[in-house]
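Visitor:
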Ligand SMILES: Cc1cc2nc3c(=O)[nH]c(=O)nc-3n(C[C@H](O)[C@H](O)[C@H](O)COP(=O)(O)O)c2cc1C
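Residue numbers (our numbering): 151 to 366.
#1: Specify, as a first and last residue, the run of the beta strand (DSSP E) that residue 282 falls within.
#2: With respect to the alpha helix (DSSP H) encompassing residue 153, which residues constitute its N-terminal and C-terminal limits?
#3: Taking all protein chains shown into account, do 16 or more other C-beta atoms lie within 10 angstroms of the C-beta of residue 173, making it buried, or fewer, making it exposed?
#4: List in chain order the residues whose CB is within less than 5 Å of at least one heavy atom of ligand 1.
#5: So residue 314 and residue 288 are supposed to be a Cβ contact under 8 Å. How far apart are they, rounded?
#6: For my contact list, residue 240 and residue 305 are in at a C-beta cut-off of 8 Å; report their separation, rounded to the angstrom.
#7: Excluding five sequence neighbours on each side, which residues of the same chain lie with their C-beta closer than 6 Å to the C-beta of residue 230?
#8: Is there a Cβ from chain B that is less than 8 Å from the Cβ of residue 231?
#9: Taking the C-alpha atoms as reference points, what is the distance between residue 217 and residue 224?
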């Protein structure tokens, strides 16, 4: 049965939209086949340390001469990569924080993106789907003055898609702050519509991917 690795990184434990939309995906994933499995890693509740040593960006044989990363950091990285490699599908909750991804999610990326092990000429995750749930307080529409200010989704697409070779599905909801910020009041309806659509898209992706047979 397919196995899902589900990452959350929102620092909002009560009203997070990326957490809620991710849960919609997981519900559909489990409904598609109750034998489907899930590992949930909450990067906010249980944050990873920052990458302990730059040499960890490389496989052991390619590390700079004399490098000596701490044993516990080597072990943590190996465990995180193993957890990734056991997943048939990866679901990433990715709120936009200061135009980029939460530092908790970045710490996970820094551990698992290793050319020669997960990326570059070795792409063990190639062909396994990744689903990114993006939630953003305002909007960054094409053609608007703020187009291109979201640096989280493009980086995740590059790393999971281009570097790791995973086909990426993006589910996004923006204007999540419309109901709280008076200047955005005229966009409340659009924010609600985007949220409803994101839940629909997550449910559809969860049942489609949850219904597939295990890749290996
Ligand atoms: C530390 C922090 C930084 C934020 N920076 C941005 C930002 O740069 N752009 C934006 O559109 N919204 C920003 N927001 C708003 C969040 O993207 C928004 O609340 C979103 O819904 C968070 O995802 P969540 O609902 O899953 O928690 C920020 C929120 C926080 C807490």
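From the three backbone atoms N, C-alpha and C, an ideal C-beta is built for every residue, glycine too.
Predicted model, so just to flag it, every value in this text is computed and none were measured.
Guide: Reading from the atomic positions:
#1: 280-285
#2: Careful: residue 153 lies outside any alpha helix (DSSP H), inside the beta strand (DSSP E) at 153-158.
#3: buried
#4: 160, 162, 166, 167, 168, 245, 246, 247, 248, 249, 285, 286, 287, 288, 326
#5: So it is not a contact: roughly 29 Å between Cβ atoms.
#6: At roughly 15 Å, the Cβ-Cβ gap does not stay under 8 Å, so residue 240 and residue 305 are not in contact.
#7: 261, 262
#8: Absence of chain B from the displayed structure is noted, only one protein chain being present.
#9: 12 Å
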